[in-house]
Amino acid sequence: MAAMSPSKRRLQRELMSLVREPPPGVFVDGDEVGQNLTQWIVHMEGAKGTLYEGEQFQLQFKFSSKYPFDSPEVTFIGGNIPVHPHVYSNGHICLSILTDDWSPALSVQSVCLSIVSMLSSCKEKKRPPDNSFYVKTCNKNPKKTKWSYHDDSV
Amino acid sequence: MKITCVICCDPLTPSDDVFYTPCGHVFHFSCIVKWLERSKSCPQCREKVTETKIHRIYFNYSDTNVPVESSSSLQERVENLKFQIMLKENDIKHYTSKAATLEHQTSGLRKEVRKLESEMLQKDSAIYALQKQINYLKQQNEEAEAAKKQAAVLKRKLEELRSVQVILDAPAEEVDEIIANTKNPASLATYICVIKRELTSSSNKCRELRTTAKKLQQDLTKVSLERNFLNDEHSKRMQLQEDYAICESEKMALQQKCAELEAVISNCSSFNKSNDSNRLSIESNTQREDTSRISLSSSVEKKNSDDSVIFVSYSVSEPSRSTENVNNSQVKSIGVPTLKAQHSQRHKNSGFSILAKKSRISHPSNTRVIPEDITYNGFGGHSKSDNFPTSSSGTKQKKLNDFRKSKKLKLDN
Chain A
1 MAAMSPSKRR
11 LQRELMSLVR
21 EPPPGVFVDG
31 DEVGQNLTQW
41 IVHMEGAKGT
51 LYEGEQFQLQ
61 FKFSSKYPFD
71 SPEVTFIGGN
81 IPVHPHVYSN
91 GHICLSILTD
101 DWSPALSVQS
111 VCLSIVSMLS
121 SCKEKKRPPD
131 NSFYVKTCNK
141 NPKKTKWSYH
151 DDSV
Chain B
1 MKITCVICCD
11 PLTPSDDVFY
21 TPCGHVFHFS
31 CIVKWLERSK
41 SCPQCREKVT
51 ETKIHRIYFN
61 YSDTNVPVES
71 SSSLQERVEN
81 LKFQIMLKEN
91 DIKHYTSKAA
101 TLEHQTSGLR
111 KEVRKLESEM
121 LQKDSAIYAL
131 QKQINYLKQQ
141 NEEAEAAKKQ
151 AAVLKRKLEE
161 LRSVQVILDA
171 PAEEVDEIIA
181 NTKNPASLAT
191 YICVIKRELT
201 SSSNKCRELR
211 TTAKKLQQDL
221 TKVSLERNFL
231 NDEHSKRMQL
241 QEDYAICESE
251 KMALQQKCAE
261 LEAVISNCSS
271 FNKSNDSNRL
281 SIESNTQRED
291 TSRISLSSSV
301 EKKNSDDSVI
311 FVSYSVSEPS
321 RSTENVNNSQ
331 VKSIGVPTLK
341 AQHSQRHKNS
351 GFSILAKKSR
361 ISHPSNTRVI
371 PEDITYNGFG
381 GHSKSDNFPT
391 SSSGTKQKKL
401 NDFRKSKKLK
411 LDN
């Protein structure tokens with residue numbers, strides 16, 4: 001355990017806390033993640049009383065070796081990608097804390113909570129206006145996109 | 001007091017270099033420096049922070065705190081281990097379920113294997129049965145082939161025999177042709193044998209036929225001799241018949257004579273009867289002598305009644321021809337000439353008897369009183385009948401009545 005790198009150690013702790021006390025509507029398969037700590041799949045369901053109630057989503061977290069100083073790469077995957085003005089149809093999420101506003105004090109749990117709150121605050125289910133263009137031209141890695149954050153309501 | 005660094009999440013220990021920001025947040029020195037390389041802000045509150053503005057902070061840990069610290073680290077380790085155990089337990093659960101499914105699968109596969117084995121056994125038995133059948137059919141086939149061969153041999157033989165038959169039946173030219181066509185010495189030999197046998201048998205037959213012909217000729221001669229003899233006999237018989245005819249005519253003449261004589265007799269009937277009867281008897285005797293071939297036998301039966309009835313029966317026979325028995329009372333077969341004779345005789349006799357009676361009736365005055373029990377025999381004689389006493393009185397009475405009647409009749413006459 002002592003031989004573990006600081007990033008691995010932190011990820012281990014985060015996984016432990018997430019499995020032991022998951023926030024409502026979030027679930028992590030510990031066995032699945034335990035095999036490879038650098039890539040997590042977090043299951044999430046739409047909060048009650050919102051437009052996404054009853055829907056199931058999968059979030060993929062990819063951690064680099066520089067975590068937590070480097071932000072994780074977070075995208076929606078699977079068959080059901082939420083229709084949201086800040087979520088592109090390829091699963092990329094336009095959220096400032098995932099790039100510019102990242103802080104090492106943030107964790108997987110806090111990111112999940114941010115995304116749940118972002119979905120919950122949605123008033124109209126629709127794709128971003130530049131969705132088709134972005135999907136055609138973007139990089140695989142959402143962190144390489146130059147995001148311009150304009151919606152501060154989230 | 002448990003304090004952690006939010007960047008690495010590790011607890012802050014007395015040995016660590018702990019620094020604080022102007023906004024008052026506490027971090028490991030290495031952690032905050034690493035972050036400040038990327039962004040000049042506080043990780044917790046995003047306040048502007050530079051490397052120059054962070055300062056070292058020193059805590060005064062009490063001695064009693066040392067074991068507490070150690071205990072906290074131990075606690076952490078325990079939790080870590082617990083987490084590991086949980087992971088392992090999850091693993092165990094996962095693998096046990098996997099094992100269960102695998103066991104299930106294996107049991108299913110075993111079942112399938114058993115099923116397949118049983119099927120295999122069935123197929124084996126089926127194969128065995130089929131092999132048996134194949135063997136049986138092979139045997140049958142062999143038998144059939146043997147039968148075929150035999151049939152072919154028999155056919156050949158049959159053809160040979162047919163040609164032999166043809167040789168036996170057909171005319172000589174065809175036989176010649178067949179013999180010329182056959183090249184097989186064995187068949188030729190058989191033909192020759194057959195022909196030879198046929199020849200000997202036919203010659204034997206010829207001999208037999210000759211002997212029978214001889215016999216028949218002998219028989220013929222015998223029969224012709226017999227025929228000649230019979231012819232002679234026939235001619236003899238014809239002669240005899242002629243003789244007979246002559247005799248018949250003679251007889252007729254004699255009968256005529258007889259009739260004449262009878263007429264004469266009737267004329268002089270008043271004269272003694274005995275004389276007449278004598279003459280008659282003489283006549284009849286002569287007649288008998290003349291017709292030597294006709295024997296005449298007559299019998300007269302007398303009845304006890306006063307009206308004497310005369311029954312006369314004749315039997316005439318030709319001794320040279322007829323062998324039939326002639327009874328006195330019954331005539332079984334009568335030829336034409338005999339019938340004639342009979343008729344003539346009867347006529348003669350009846351006439352005689354009638355005449356005799358008539359003479360008696362026509363001259364009642366002349367008749368003497370004749371005792372009742374005396375009967376006439378028709379030849380001029382009379383006899384006295386013996387009256388046997390009868391048991392029944394009725395018959396006696398009847399007889400008596402009859403007697404009276406007859407008497408009355410006589411008186412009337």
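Those sequence lines, one after another, are chains A and B. Position one of the first sequence corresponds to residue 1 (UniProt numbering), numbered consecutively onward. Position one of the second sequence corresponds to residue 1 (UniProt numbering), numbered consecutively onward. A virtual CB, placed ideally from N, CA and C, is assigned to each residue, including glycine.
- Any Cβ of chain A closer than 8 angstroms to the Cβ of residue 83 of chain B would place that residue at the interface, and such an atom is present.
- In terms of beta-carbon proximity, residue 53 of chain B stays away from the interface with chain A, with every pair separated by 8 angstroms or more.
- Just so you know, the alpha carbons of residue 88 of chain B and residue 54 of chain B end up roughly 43 angstroms apart.
- For residue 47 of chain A, no Cβ of chain B is located within less than 8 angstroms of the residue's own Cβ.
- In the structure shown, residue 190 of chain B adopts helical secondary structure according to DSSP, grouped into three states.
- Straight through space, the alpha carbons of residue 2 of chain B and residue 81 of chain A are spaced by roughly 41 angstroms.
- The secondary-structure analysis by DSSP pairs residue 13 of chain B with nothing; it has no beta-bridge partner.
- The residue from B:38, B:245 and B:8 with its alpha-carbon nearest to that of residue 26 of chain B is B:8.
- When DSSP states are grouped into helix, strand and coil, residue 227 of chain B belongs to the helix group.
- Straight-line measurement puts the Cα of residue 208 of chain B at about 18 angstroms from the Cα of residue 220 of chain B.
- Within the DSSP secondary-structure output, residue 75 of chain A pairs in a beta bridge with A:60 and A:92.
- Contact check for residue 63 of chain A against residue 99 of chain A fails: the beta carbons are separated by 8 angstroms or more.
- Per the coordinates, the alpha-carbon of residue 89 of chain A lies some 16 angstroms from the alpha-carbon of residue 55 of chain A.
- The beta carbon of residue 94 of chain B sits closer than 8 angstroms to some beta carbon of chain A.
- Interface criterion met: the Cβ of residue 10 of chain A is under 8 angstroms from a Cβ in chain B.
- In this structure, DSSP gives residue 124 of chain A a state outside helix and strand, which the three-state scheme calls coil.
- Around the beta carbon of residue 6 of chain A, 16 or more other beta carbons lie within 10 angstroms, which makes this residue buried.
- The three-state secondary structure of residue 56 of chain B, taken from DSSP, is strand.
- Listed by position along chain B, the residues whose Cβ is nearer than 7 angstroms to that of residue 13 of chain A are 9.
- Excluding sequence positions up to five before and after residue 166 of chain B, its CB lies within less than 8 angstroms of the CB of 174, 175 and 178, all in the same chain and listed in chain order.
- Against chain A, the beta carbon of residue 91 of chain B has neighbours under 8 angstroms at 31, listed in chain order.
- In the DSSP annotation of this structure, residue 20 of chain B is not part of any alpha helix (DSSP H); the continuous beta strand (DSSP E) holding it starts and ends at 18-20.
- The Cβ of residue 87 of chain B sits closer than 8 angstroms to at least one Cβ of chain A.
- Contact of residue 104 of chain A with chain B is assigned, a C-beta pair being separated by under 8 angstroms.
- Under the Cβ distance rule, residue 33 of chain B does not count among the residues neighbouring chain A, no pair being separated by less than 8 angstroms.
- For residue 35 of chain A, the uninterrupted alpha helix (DSSP H) segment begins and ends at 30-35.
- Put simply, the CB of residue 43 of chain B is near chain A, with a gap under 8 angstroms to one of its CB atoms.
- Around the beta carbon of residue 268 of chain B, fewer than 16 other beta carbons lie within 10 angstroms, which makes this residue exposed.
- Proximity of the region 5-25 of chain A to the region 99-117 of chain A meets the contact definition, three or more beta-carbon pairs being nearer than 8 angstroms.
- Taking the Cα of residue 60 of chain B as reference, the smallest distance to any Cα among B:261, B:16, B:193 and B:233 is reached at B:16.
- Going by beta carbons, residue 46 of chain B and residue 117 of chain A fall outside the 8 angstroms limit.
- Remark: C-beta atoms of residue 119 of chain A and residue 50 of chain A approach each other more closely than 8 angstroms.
- No Cβ-Cβ contact shorter than 8 angstroms links residue 53 of chain A with residue 25 of chain A.
- A straight-line Cα-Cα distance of about 57 angstroms links residue 125 of chain B and residue 33 of chain A.
- Judged by their CB atoms, residue 97 of chain A and residue 75 of chain A are not nearer to each other than the 8 angstroms cut-off.
- Beta-bridge analysis with DSSP links residue 27 of chain B to B:19.
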